[in-house]
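*Asks:* Dumping the structure here so I can ask a few things about it.
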Amino acid sequence: MSVRTMEALRAGIKALSINPRRALDVLRLATDEDPAMADAWLGRVAAGDRSMSTLAGLSAAAARFGQDLMTMGVHPKQLAVSFDVGYVRLVLDDGIAAKLAHIAALLAEREFEQANALLDSISVQANRVTYVRAQLMHDTERWPDLLAAVTGCQAWSADQYLMRAASLLEGKAAANLGLFDRALSALTRASESSLTGEDPVVRDALYLRALIARCQGQEDEAQHMLADVVARWPEFAIAKQALADPTYSLHIVDHVTIDSRTDRWDPATQTTPAQRAAADRADAARKRMADAEQSLANMVGLDDVKRQIASLKASTITRILRQRKGIPTPVVSRHMLMVGPPGVGKTESARAIAKIFCGLGILPRPDVYETKKDSLTGQYVGDVEVQTREFLSNSLGATVFFDEFGDLAHGGYAHGDPIGQAIIGVLVPWMENHRDEAVLIAAGYPRACERVLGVNAGLRGRFATTIAFESYQPDKLIAIAQAIITRGGDIPEPGALEAVLTEPFTRFYNQEHRTEDNDIVRTIDTLGNGRFVRNIVEAAQKVRDERIVDAYGLHHVDLTDDNLGEEITDDAMSLLTGADLAHGLQEALPPALRERSLHV
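Residues in the sequence shown are numbered consecutively from 6, following this note's numbering.
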């Protein structure tokens with residue numbers, strides 16, 4: 006501070022009441038020379054300069070607020086400078102008020118991040134500071150933060166109007182969060198005024214109470230209260246709108262919605278519960294699609310099957326797009342047949358298809374309900390029908406996998422298969438009536454399935470797609486074994502898979518017989534194809550584990566010993582030898598084939 010700046014301050018303050026423009030010019034000289042002279046900035050505000058830069062200068066110099074004026078025998082209050090924050094007018098009479106005035110200007114310009122930072126810099130606990138913070142949260146609709154700020158404001162007895170204004174903000178926040186009891190309590194305090202004439206706090210408190218009544222289903226009460234507000238404040242436009250439109254109401258949100266914002270100060274960046282649910286569904290759909298694709302990719306061979314499933318997916322996508330564009334799209338059945346022997350990936354493929362249909366929004370659930378004839382059999386034919394209907398009803402919205410479909414129509418009955426006929430009699434209308442709500446995938450040997458389709462004239466037309474599976478050839482079976490071993494974190498002894506498994510796999514593949522339906526059934530089909538291979542690997546792993554325990558004397562060990570097994574290498578723990586695989590093969594075979602294999 007220099008003599009020159011003090012003279013400029015004195016001249017400027019003296020000129021305020023006579024020539025505000027002249028005062029502003031002089032005071033500008035003072036702040037230019039001494040930016041820390043808060044009282045010169047205050048004088049500029051008193052002269053009408055309420056620019057952001059001036060209020061920022063005043064805020065930055067707040068530590069010296071009033072000091073220079075006091076040397077002149079002037080108190081800052083004598084300049085009669087005030088500023089508005091929401092419902093409240095505050096006097097610019099100290100350093101805290103200097104910062105709050107800057108914050109109020111920032112709020113008006115929606116510079117919320119800067120306003121918040123400046124509020125955080127105020128260490129003094131004061132009701133007016135709390136109120137301004139509440140106003141920030143009000144302007145940005147951060148209702149939970151507003152409630153946290155004004156908790157206890159009913160005790161602000163020193164300034165009744167400030168207390169009522171804070172209570173109004175509390176009521177707004179609570180109402181918009183659906184906390185109606187707290188809102189009504191706060192709004193009651195806000196509306197209790199001894200003031201005469203215009204009181205926007207009372208007006209808005211009564212208006213909000215009317216909207217709460219509407220939200221609580223008390224429309225007559227809401228209309229009565231709104232009519233009273235409009236009568237008392239005829240220019241209150243939103244009250245008129247609410248009175249004329251019974252659907253006009255509060256926009257209730259939850260804290261999760263507010264916390265979802267990408268910009269904490271901008272309500273437009275938050276997501277509603279419906280949007281979050283849609284996003285969750287979309288994420289789940291993408292995951293299901295990815296899981297389905299990965300499941301198919303992990304399956305060895307089945308190139309034709311994978312192509313058919315890819316084609317089915319493509320057709321489904323294009324049908325969805327056609328419907329969205331309003332292009333005529335004939336209704337098609339999504340039920341399908343999977344024909345082929347057991348253990349070749351039909352069930353896994355059905356699960357992948359279920360995930361694809363769910364991921365594309367065709368079905369709401371990715372679940373697969375598995376059943377077969379024996380699972381639906383009851384003591385009486387009527388029981389079968391009831392059980393079948395109940396099972397199908399539970400599966401709506403999902404996929405049904407009907408295994409051993411060819412067993413539905415056995416021969417040997419004088420008048421057909423009554424149990425199979427009962428199941429088919431329920432299936433056919435269900436497949437037609439619920440073709441948009443569920444998918445049925447029937448699986449079995451091809452000619453046996455064909456025989457079942459001939460039992461009921463309406464059954465064949467319900468299946469739009471047939472996917473054919475073949476028995477796994479020896480090289481594919483060995484590839485499956487390698488994949489299972491690798492996924493399990495193990496390593497086969499080089500050449501062991503081929504040396505141990507090629508001959509029996511080839512023999513089991515070439516051995517075949519024909520069923521009464523003339524379906525070709527290979528021995529490898531009877532053994533279960535891929536399931537048989539998994540059984541071999543799992544049995545071999547058990548043999549390997551026993552070998553390790555024997556070799557390293559681990560039958561009696563202290564598992565609390567952290568050094569246990571240090572001498573065993575990772576390779577030794579994960580290696581599957583030819584002997585392990587040979588023993589695993591014998592364990593996985595049924596006794597009759599096991600004996601034959603031993604003598605080969």
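For every residue, glycine included, the Cβ atom is placed at its ideal position computed from N, Cα and C.
Would you mind sorting G387 into buried or exposed? The rule is 16 or more other CB atoms within 10 Å of its CB.
*Replies:* The residue is exposed, with fewer than 16 neighbouring Cβ atoms inside 10 Å.
*Asks:* Going by C-alpha to C-alpha distance, which of G383, I428, D575 and L141 sits closest to L174?
*Replies:* Checking every option, the nearest Cα to that of L174 belongs to L141.
*Asks:* Are the Cβ atoms of L590 and L506 separated by less than 8 Å?
*Replies:* In contact: L590 and L506 (Cβ atoms closer than 8 Å).
*Asks:* Taking only three categories from DSSP, how would you classify Y374?
*Replies:* Note: Y374 maps to strand in three-state DSSP.
*Asks:* For A107 and A61, which I take to be in contact (beta-carbon distance under 8 Å), what is that distance rounded to the nearest angstrom?
*Replies:* A quick correction: the sequence has His, not Ala, at residue 107. At roughly 6 Å, the Cβ-Cβ gap stays under 8 Å, so H107 and A61 are in contact.
*Asks:* Pick out the complete alpha helix (DSSP H) segments inside the region 486-529, 4 residues or longer, and give them in chain order.
*Replies:* Runs of the alpha helix (DSSP H) inside the region 486-529: 501-515.
*Asks:* Return the residue from the list D288, A282 and F362 that minimises the CA-CA distance to S320.
*Replies:* Comparing Cα positions, the closest option is F362.
*Asks:* Look at the Cβ atom of L189, then the Cβ atom of R214, and state whether they are nearer than 8 Å.
*Replies:* Yes, Cβ-Cβ distance for L189 and R214 is below 8 Å.
*Asks:* To the nearest whole angstrom, what separates the beta carbons of V344 and F474, a pair I think is in contact under 8 Å?
*Replies:* Confirmed, Cβ separation roughly 7 Å.
*Asks:* Can you tell me which residues form a DSSP beta bridge with F406?
*Replies:* According to DSSP, which records beta bridges pairwise, F406 is partnered with E375 and I446.
*Asks:* Let me check understanding here. Comparing Cα to Cα, which of G383, A447, S128 and I367 lies closest to V405?
*Replies:* The shortest Cα separation from V405 among G383, A447, S128 and I367 belongs to A447.
*Asks:* Classify G417: buried if its beta carbon has 16 or more other beta carbons within 10 angstroms, exposed otherwise.
*Replies:* In this predicted model, G417 has a pLDDT of only 49, less than 50, meaning its place in the structure is not dependable; the value taken from the coordinates is given anyway. Label assigned to G417: exposed.
*Asks:* DSSP three-state call for A473: helix, strand or coil?
*Replies:* Strand at A473.
*Asks:* Just the C-alpha distance for S602 and L502, rounded to the nearest angstrom, thanks.
*Replies:* Any reading at S602 is ruled out, since the residue's pLDDT is 48, under 50, leaving its predicted position unreliable.
*Asks:* What whole-angstrom Cβ distance do A170 and L216 have, given they're in contact under 8 Å?
*Replies:* About 19 Å separates the two Cβ atoms, so there is no contact after all.
*Asks:* Beta carbon of F88, beta carbon of L97: below 8 Å?
*Replies:* Yes, these two residues count as a Cβ contact at 8 Å.
*Asks:* Assign K330 to buried or exposed, taking buried as 16 or more other Cβ atoms, counted over all protein chains shown, within 10 Å of its Cβ.
*Replies:* Classification of K330: exposed, given that the 10 Å Cβ count is below 16.
*Asks:* Does DSSP put F362 in a helix, a strand or coil?
*Replies:* In this structure, F362 counts as helix in the three-state DSSP scheme.
*Asks:* Considering M613, what are the terminal residues of the beta strand (DSSP E) in which it resides?
*Replies:* As displayed, the chain neither begins before 6 nor continues past 605, which places residue 613 out of reach and without an answer.
*Asks:* With burial defined as no fewer than 16 other Cβ atoms inside 10 Å of the residue's Cβ, what is the status of R492: buried or exposed?
*Replies:* The residue is exposed, with fewer than 16 neighbouring Cβ atoms inside 10 Å.
*Asks:* M294 lies in the alpha helix (DSSP H); which residues open and close that run?
*Replies:* Unbroken alpha helix (DSSP H) run through M294: P278 to N303.
*Asks:* Tell me which residues share the same chain as G535 and place their Cβ nearer than 6 Å to its Cβ, disregarding the 5 neighbours each side in the sequence.
*Replies:* Hits under 6 Å: G348 and I485.
*Asks:* Can you have a look at G350 and say buried or exposed, based on whether 16 or more other CB atoms are within 10 angstroms of its CB?
*Replies:* Buried.
*Asks:* Taking DSSP as the reference, what is the three-state secondary structure of V5?
*Replies:* The displayed coordinates of the chain run from 6 to 605. Any statement about residue 5 would go beyond what the structure contains.
*Asks:* Starting from V8, follow the alpha helix (DSSP H) in both directions and report where the run begins and ends.
*Replies:* Taken as a continuous stretch (DSSP letters only), the alpha helix (DSSP H) holding V8 covers V8 to A20.
*Asks:* On a CA-only basis, which of E571, C220 and Y92 is nearest L167? Give me that one, please.
*Replies:* Minimum Cα distance to L167 is reached at Y92.
*Asks:* Classify I314: buried if its beta carbon has 16 or more other beta carbons within 10 angstroms, exposed otherwise.
*Replies:* Classification of I314: buried, given that the 10 Å Cβ count is 16 or more.
*Asks:* Rounded to whole angstroms, what is the Cα-Cα separation between K245 and V90?
*Replies:* Their Cα atoms are separated by approximately 25 Å.
*Asks:* Leaving aside the five residues before and after F185 along the sequence, list all residues of the same chain whose C-beta is less than 8 Å from its C-beta, in chain order.
*Replies:* Cβ within range, chain order: A179, I217, C220 and Q221.
*Asks:* Taking the straight line between their C-alpha atoms, what separation do you get for A20 and A28?
*Replies:* Those two C-alpha atoms are separated by around 5 Å.
*Asks:* Which residue comes first and which comes last in the beta strand (DSSP E) that contains L342?
*Replies:* Where L342 is concerned, the enclosing beta strand (DSSP E) stretches over M341 to V344.
*Asks:* If you follow the alpha helix (DSSP H) that D575 is in, where does it begin and where does it stop?
*Replies:* Per DSSP, D575 belongs to the alpha helix (DSSP H) from D575 to S579.
*Asks:* Going by C-alpha to C-alpha distance, which of L326, R440, Q546 and L111 sits closest to R339?
*Replies:* The shortest C-alpha separation from R339 is found at R440.
*Asks:* Would you please state the rounded distance, in angstroms, between the beta carbons of L105 and V134? I believe it to be under 8 Å.
*Replies:* Correct: roughly 7 Å between the Cβ atoms.
*Asks:* A45 and A67 - do their beta-carbons sit closer together than 8 Å?
*Replies:* Contact: no.
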